[in-house]
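Visitor:
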Amino acid sequence: MKMSRLLLILCLAALLGGCASSTPRTAAVREFAAQSPKLNAYHELTERYCATYQREQPFLSPAADQREKELDARRKDACGDFVKLHSGVQAYMQALGTLAGDEQYDLNDQIKAIGGGIKAWPDTGLLDRHVNAFAGLARLLSRAITRPLQENAVNDMLRDGEQPVREVLDAMRTLLRLYDKSNDNERDIVLGMLETEIPFVDAERNRLLLALAKSQQQSKTAEYRLFGLRYTLARNNLDAIERSHRALASQIPQPK
Amino acid sequence: MAHLPLQDDIEALADSLSANADALHARLMRAIRKPAPGTPPGLPGISHGVAQALFENEVALRQRANGLYLDAAVLAATGLGGHQQRILDLTVRAKEKIEKIDRVKALVDIAAVLLTLGAAVASGKPEQIIKPLENLKHQIEDM
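Keeping their order, the protein sequence lines are chains A and B.
Take 1 as the starting number for the first sequence in the numbering used here and just add one per residue.
Take 1001 as the starting number for the second sequence in the numbering used here and just add one per residue.
1. Residue 1056 of chain B and residue 1025 of chain B - do their beta-carbons sit closer together than 8 Å?
2. Residue 153 of chain A to residue 1087 of chain B, Cα distance in whole Å?
3. Are the beta-carbon atoms belonging to residue 85 of chain A and residue 33 of chain A less than 8 Å from one another?
4. Kindly examine the ligand PLP and report whether one of its heavy atoms sits closer than 7 Å to the Cβ of residue 1077 of chain B.
5. With DSSP run on the structure shown, which of helix, strand or coil describes residue 205 of chain A?
6. Alpha carbon to alpha carbon, how far is residue 48 of chain A from residue 179 of chain A? Give it in angstroms, no decimals.
7. Quick check on residue 150 of chain A: does DSSP put it in helix, strand or coil?
8. Consult DSSP for residue 1047 of chain B and reduce its assignment to one of helix, strand or coil.
9. Would you decide whether residue 1007 of chain B is buried or exposed? Buried here means 16 or more other CB atoms lie within 10 Å of its CB.
10. Mark residue 183 of chain A as exposed unless 16 or more other C-beta atoms lie within 10 angstroms of its C-beta, in which case mark it buried.
11. Taking Cβ-Cβ distances shorter than 9 Å, what residues in chain B pair up with residue 194 of chain A?
12. Contact criterion: CB-CB distance below 8 Å. Does residue 68 of chain A meet it with respect to chain B?
13. Determine the burial state of residue 1049 of chain B: buried for a count of at least 16 other Cβ atoms within 10 Å of its Cβ, exposed for fewer.
14. Decide if the segment 44–62 of chain A is in contact with the segment 225–236 of chain A; the criterion is three or more beta carbon pairs, one per stretch, under 8 Å apart.
15. Tell me the residue span of the alpha helix (DSSP H) that contains residue 69 of chain A.
16. Hey, how far is the Cα of residue 150 of chain A from the Cα of residue 248 of chain A?
17. Given a threshold of 16 other Cβ atoms within 10 Å of its Cβ, counted over all protein chains shown, does residue 76 of chain A qualify as buried or as exposed?
18. Assign residue 56 of chain A to buried or exposed, taking buried as 16 or more other Cβ atoms, counted over all protein chains shown, within 10 Å of its Cβ.
19. Select from A:68, A:158, A:38 the residue whose C-alpha is nearest the C-alpha of residue 1094 of chain B.
20. If you measure beta-carbon to beta-carbon, which residues of the segment 1018–1040 of chain B are closer than 8 Å to chain A?
21. Can you check which of these residues, A:202, A:43, A:205, A:162, is closest to residue 82 of chain A by C-alpha distance?
22. Taking 8 Å as the threshold (C-beta atoms), are residue 169 of chain A and residue 242 of chain A in contact?
23. Which of the three DSSP states, helix, strand or coil, is assigned to residue 251 of chain A?
24. Would you grab the beta carbon distance between residue 60 of chain A and residue 68 of chain A for me? Rounded to a whole angstrom, and I think it's under 8 Å.
25. Which one of A:52, A:58, A:62 has the shortest CA to CA distance from residue 1053 of chain B?
26. Based on Cα-Cα distance, which residue from A:30, A:198, A:252, A:186 lies nearest to residue 162 of chain A?
27. Whole angstroms is fine: what's the gap from residue 1070 of chain B's alpha carbon to residue 79 of chain A's?
28. Does any residue of chain B have a CB that is nearer than 8 Å to the CB of residue 39 of chain A?
29. List the residues of chain B that residue 88 of chain A touches, going by C-beta distances under 7 Å, in chain order.
30. Between residue 249 of chain A and chain B, is any beta-carbon pair separated by less than 8 Å?
31. Kindly say whether residue 1011 of chain B, judged by its beta-carbon, lies nearer than 8 Å to any beta-carbon of chain A.
32. For a contact meaning CB atoms closer than 7 Å, what does residue 92 of chain A contact in chain B?
33. Along the chain, where does the alpha helix (DSSP H) that runs through residue 34 of chain A open and close?
Have a look at this one:
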């Protein structure tokens, strides 16, 4: 009777096949996936790029305004494509992270539930040590069965994703560089207008105008400097993501 | 497709237009700051109209450069449709795998109920079998 119960437990344990598994490999993949929010900066800077006209408009002459309007229409057209470029990669990173997740194969909750279920029946003859033996066996099995399964799934995804992800990240990096350069020209149009007009303001008669212009000059200078740093930061983050993706992909074992 | 020669050429052209605009601006600012001969110090060295006309040229150069940067960006972002689709497919496949894994969990839940059921049978208290049996029914219905 006791023997058959133990057999029942062992059979179920074999059926369960696993609990928590966290290898250095899956931990590295999760670390990579955790960087996905950094791609939000790309989205934000794309939106800033798309709104260039709005910021420039007050500083443009009628002729320049006309030219910028045409440019703005073309820019808005292209922005639809630019703005969603990162979403695929972001979804890919998140899915990869879930696949490599700590909890994905973590059956501890279930094992606890079984333990609870058994303890609720004190008359069954099942002792704590049976429950513990069961849990230990389940963990052992997880190493034999579950962990390779998880790593295979992660490796398959990395292998297939390596090239398309690299291409898209590459394009994103190019776009960020172009936004940055375009932003420099926008800055020079806005600040240049102030810089070339301020010397012609009559300081006696237009004190208010001069004060406002100089204050605007200060805040715009600070704004453009700040965004210049953010373009650099976003590009560095993108480079870091690409590097760790390449490192993960290069460590994929050859399929057996 | 991110590094077409054409895209690099366009970007290089835009870079040189921007550099020209920078040079023009430096020249313009020097002219404004340097007092013209015969005018009192502190006053701009060129007339307001001339300064505005020169700055207008600079703006036009920068706008042209930004137009070219946009062209280069469009080129960098085209031809990615295939890659985007592959990434999307991969993500969908991963979700399927995750779902499959969740079904393994469901299996484990069922196993837990079975174990409780086994324990209830072993305890020789058939009236206590009903609850685990109900649970099992729900588990299977949920799958």
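Yeah, the Cβ is synthetic: ideal placement off N, Cα and C, and Gly gets one too.
Guide: Concretely, from the data shown:
1. No, the Cβ-Cβ distance between residue 1025 of chain B and residue 1056 of chain B is not below 8 Å.
2. Rounded to whole angstroms, residue 153 of chain A to residue 1087 of chain B spans 15 Å at the Cα level.
3. Taking 8 Å as the cut-off, the Cβ atoms of residue 85 of chain A and residue 33 of chain A do not count as close.
4. Questions concerning the ligand PLP fall outside what the structure shown contains, since it holds no ligand whatsoever.
5. Coil, per DSSP.
6. In a straight line, the C-alpha of residue 179 of chain A is about 9 Å away from that of residue 48 of chain A.
7. In the structure shown, residue 150 of chain A sits in a helix (DSSP, three-state: H, G or I).
8. Coil, per DSSP.
9. Burial call: buried.
10. Label assigned to residue 183 of chain A: buried.
11. By Cβ distance, chain B contributes nothing, its closest Cβ being about 11 Å from residue 194 of chain A, past 9 Å.
12. The C-beta of residue 68 of chain A comes closer than 8 Å to at least one C-beta of chain B.
13. Classification of residue 1049 of chain B: exposed, given that the 10 Å Cβ count is below 16.
14. Segments in contact, yes.
15. From DSSP, the alpha helix (DSSP H) with residue 69 of chain A extends over 62–83.
16. Taking the straight line from one Cα to the other gives about 15 Å.
17. Note on residue 76 of chain A: under 16 other CB atoms within 10 angstroms of its CB, so exposed under the neighbour-count rule.
18. Its Cβ being crowded by 16 or more others within 10 Å, residue 56 of chain A is buried.
19. Checked all of A:68, A:158, A:38; the closest Cα to residue 1094 of chain B is A:158.
20. Cβ contacts with chain A: 1018, 1021, 1022, 1025, 1028, 1029, 1032, 1033.
21. That would be A:43, whose Cα lies nearest to the Cα of residue 82 of chain A.
22. Taking 8 Å as the Cβ cut-off, residue 242 of chain A and residue 169 of chain A qualify as a contacting pair.
23. Reduced to three states, the DSSP call for residue 251 of chain A is coil.
24. That belief holds up - the Cβ atoms of residue 60 of chain A and residue 68 of chain A are roughly 6 Å apart, short of 8 Å.
25. That would be A:62, whose Cα lies nearest to the Cα of residue 1053 of chain B.
26. Distance from the Cα of residue 162 of chain A is smallest, within the candidate group A:30, A:198, A:252, A:186, for A:252.
27. If you draw a straight line from the Cα of residue 1070 of chain B to the Cα of residue 79 of chain A, it is about 10 Å long.
28. Taking Cβ atoms only, chain B never reaches closer than 8 Å to residue 39 of chain A, which makes this a no.
29. Those within 7 Å of residue 88 of chain A in chain B are 1084, 1087, 1088.
30. So, not an interface residue.
31. Residue 1011 of chain B belongs to the set of residues whose beta carbon lies under 8 Å from a beta carbon in chain A.
32. Per Cβ cutoff of 7 Å: 1087, 1090, 1091.
33. Membership of residue 34 of chain A in any alpha helix (DSSP H) is not indicated, and neither H nor E is assigned to it by DSSP.
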